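Chains as they are written, first to last, in our numbering: chain A, 1 to 286; chain B, 1001 to 1286.
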């Protein structure tokens, strides 16, 4: 075995990170994690390059981030060690080796929950079939234990309106109203879920799921729904703004701290292979 | 009105505090809060003395801590300001004034949720009829967003055993086995609830309620239950140890970080007054 692709599932508290992506001189999740893997596998610094499923912004959290990278057969053996157990136990045993390095480096705000071998066709970014986010917000008093994880909303929230307007934003549509413009990129996405539950203390928790999201889309969608639920705009106006397909100043992009990337889903390995075969066949036909 | 007693409900992230109680040179919740109240009411530093319902140890969190202190009529007017609204809105408006001072002092890990006028007979410490705590623990991977709030347990947990042995520890009994000894103090308490729920990710959350707790009792009770649920001791042995009424090295006192003081309950105001009248009548009869 020459090269083995590995899939990582990981979580982080985004508070002290400048987001996922490497940036010179700034502390990012990618930088910390790549350095830990380099150390663990005794690679020269800067060798490991992670491909990620969701490039989160500064301050955004994750419980189910996914990334991939490749190791040599020798490195894979080192990562496996002498651990025995179920597939889940082995996946966590490998993860703990990376976490050990992270902790020794003082980074206890990021941790890997599972490292599993993946087919060479697995791609954390382009292979994902959907992403799921959570957004937490509350009017009034914020529990200090939630101060980094729940956004405060100044005005009282009408939960019924919040639920209703959020549901109306779902579907396969052009989300330009809720996206930071990128030249030549489409904002057509399939938002399958945008629903809320209310906790005992009044915290509202959104479950937001789509095939993919454009930049700042979740926080803008929540901002639009909150503007309607707090009476700043009429529900009908939010629908009109969504149809206009241009950025609006009628609602705010919500703060990063309320947002967490919960899950990224991929097709089963068999389908990955089939898909890769298709891609290969198309290439060979050219 | 000469003097008005105020009841405070507050929460804190215990991570960066050396517990509730004032200690020279250490950062404690009591010190921060008293200083903020002194500042807000323009009292000389060191004037405000808070009486608290639950003296939490270093690292222990709180969502429902209760304290009381007295203000003059003039100070009370200042605290009320020109706010209008429901009783709950007024209670939060007063709390926000204290929180404003705390935040300006850089303390965003403690916040008051409600300040309400209370009868002069109200006593946050001796008037409480029960205290409720929560303990969070998990085997294996700890979500980084939970790293300050959920204790890690090395061995796999048998949830059925955890639930069973915990239930068997409830009742009106002598808890000396689970208490740090204090000369001449009784360890007889009425533990009415000690039950667990399991979250989707495997985190076990205990709800623990008693009329009162002696020092380190919650963390020792959880330690005993965990020792049984992880197979370190037999459930029958835990019951025997409880009956022995002496401290044991067969189980550990769990770490502070998993613990949170959730609620302190008091009798209705009417009963407070009646109780005080009784106390007064008894004194006068002497």
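Note that beta-carbon positions come from the ideal geometry of N, C-alpha and C, so glycine has one too. All figures in this text were calculated on a predicted structure; none of them were measured in a lab.
Simplified DSSP state of residue i, which is helix, strand or coil
i	result
residue 253 (chain A)	coil
residue 1270 (chain B)	helix
residue 1174 (chain B)	strand
residue 137 (chain A)	strand
residue 1048 (chain B)	coil
residue 142 (chain A)	coil
residue 1160 (chain B)	helix
residue 1263 (chain B)	strand
residue 1132 (chain B)	strand
residue 1285 (chain B)	Low confidence applies here, because residue 1285 (chain B) scores a pLDDT of 47, under 50, leaving its location unreliable and the question unanswered by this model.
Nearest-angstrom Cβ-Cβ length linking residue i and residue j, presumed shorter than 8 Å
i	j	result
residue 40 (chain A)	residue 151 (chain A)	Actually they are not in contact, since the Cβ atoms of residue 40 (chain A) and residue 151 (chain A) sit about 36 Å apart, beyond 8 Å.
residue 1113 (chain B)	residue 1128 (chain B)	Actually they do not touch by this definition, with Cβ atoms about 17 Å apart.
residue 1155 (chain B)	residue 1230 (chain B)	4 Å
residue 182 (chain A)	residue 211 (chain A)	Not quite, the Cβ-Cβ distance comes to about 17 Å (not below 8 Å), so this is no contact.
residue 1048 (chain B)	residue 1034 (chain B)	4 Å
residue 201 (chain A)	residue 143 (chain A)	7 Å
Same chain only: Cβ atoms within 8 Å of residue i, ignoring 5 sequence neighbours per side
i	result
residue 1012 (chain B)	1029, 1061, 1062, 1065, 1109, 1110, 1111
residue 1269 (chain B)	1118, 1119, 1122
residue 1246 (chain B)	1176, 1177
residue 27 (chain A)	16, 17, 18
residue 1092 (chain B)	1113, 1114
residue 1199 (chain B)	1205
residue 235 (chain A)	161, 164, 165, 168, 228
C-beta contact flag for residue i and residue j at 7 Å
i	j	result
residue 50 (chain A)	residue 67 (chain A)	yes
residue 1216 (chain B)	residue 1194 (chain B)	no
residue 242 (chain A)	residue 192 (chain A)	no
residue 1130 (chain B)	residue 1227 (chain B)	no
residue 1187 (chain B)	residue 1174 (chain B)	yes
residue 149 (chain A)	residue 261 (chain A)	no
residue 139 (chain A)	residue 153 (chain A)	yes
residue 233 (chain A)	residue 218 (chain A)	no
residue 1107 (chain B)	residue 1022 (chain B)	no
residue 53 (chain A)	residue 125 (chain A)	yes
residue 1019 (chain B)	residue 1083 (chain B)	no
residue 196 (chain A)	residue 146 (chain A)	no
residue 1007 (chain B)	residue 1116 (chain B)	yes
Residues near residue i in its chain [Cβ-Cβ closer than 6 Å; skip 5 each side]
i	result
residue 1120 (chain B)	1005
residue 70 (chain A)	3, 5
residue 1272 (chain B)	1119, 1121, 1122
residue 9 (chain A)	66, 113, 114
residue 101 (chain A)	36, 39, 40
residue 1179 (chain B)	1187, 1214, 1217
residue 225 (chain A)	162, 165, 166
residue 1075 (chain B)	1041
residue 1263 (chain B)	1064, 1132
residue 1045 (chain B)	1038
Proximity test, residue i beta-carbon vs the ligand PLP heavy atom, cut-off 6 Å
i	result
residue 1064 (chain B)	In the structure on display, the ligand PLP does not appear, and there are no ligands present to speak of.
Sequence-distant residues of its chain with Cβ nearer than 7 Å to residue i (five each side left out)
i	result
residue 223 (chain A)	251, 252, 253, 254
residue 90 (chain A)	83
residue 1239 (chain B)	1168
residue 1284 (chain B)	In this prediction, residue 1284 (chain B) scores a pLDDT of 49, lower than 50, which makes its location untrustworthy; no coordinate-derived value is stated.
residue 1097 (chain B)	1040, 1079
Quick one: which unbroken alpha helix (DSSP H) runs of 4-plus residues sit fully inside the stretch 1182-1248 of chain B? Chain order, please.
1217-1229, 1235-1244
Contained beta strand (DSSP E) runs [length at least 3] in the stretch 52-101 of chain A, N- to C-terminal order
61-72
Runs of alpha helix (DSSP H) lying entirely within the stretch 2-44 of chain A, each at least 4 residues, in chain order:
29-40
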